[in-house]
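Residue numbers (the working numbering): 225 to 338. The C-beta atom is built at its ideal place from N, Cα and C for all residues, glycine as well. Notes to accompany the following structure.
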């Protein structure tokens, strides 16, 4: 399972670059450059704190529990990222890149990790 999660990170990094260039172009926007900067910081810190606190309740040696954890963590994190892009960067169509990466990542987790 560890290898498949690492491959997912590599695939998503490459696809983020390629899909971002195709849909948005070279001038990609960032939520941190808009009025949503503080919402983004608070949201991601909250998600991270909740994720770390979940390690006290789940058995990290249980592969099945970790698969579900990664599915939920990925969906919540990229779903929040998609929502912020949709609200603050609607004109740049950056949200489409986030939506495509969310779909690809969840599909990868469901087919290759499970």
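In this structure, does DSSP put residue i in helix, strand or coil?
i: residue 284; result: coil
i: residue 232; result: helix
i: residue 313; result: coil
i: residue 331; result: helix
i: residue 248; result: coil
i: residue 302; result: helix
Note down the Cα distance separating residue i from residue j, rounded to an integer number of angstroms.
i: residue 274; j: residue 329; result: 21 Å
i: residue 252; j: residue 309; result: 11 Å
i: residue 342; j: residue 236; result: The chain is shown only over 225 to 338; residue 342 falls outside these bounds and no answer can be derived.
i: residue 304; j: residue 326; result: 10 Å
i: residue 185; j: residue 279; result: A question about residue 185 goes unanswered here, because the residues of the chain that appear run from 225 up to 338.
i: residue 246; j: residue 332; result: 21 Å
i: residue 297; j: residue 234; result: 17 Å
i: residue 263; j: residue 306; result: 13 Å
Among the options, which residue has its Cα nearest to the Cα of residue i?
i: residue 337; options: 293, 254 and 248; result: 293
Contact the stretch 238-245 vs the stretch 263-272: 3+ CB pairs below 8 Å: With a cut-off of 8 Å, the stretch 263-272 and the stretch 238-245 do not count as touching, because too few Cβ pairs lie within range.
May I ask you to verify whether the stretch 300-318 touches the stretch 254-263, counting CB pairs closer than 8 Å and requiring at least 3? Verdict: yes, contact present.
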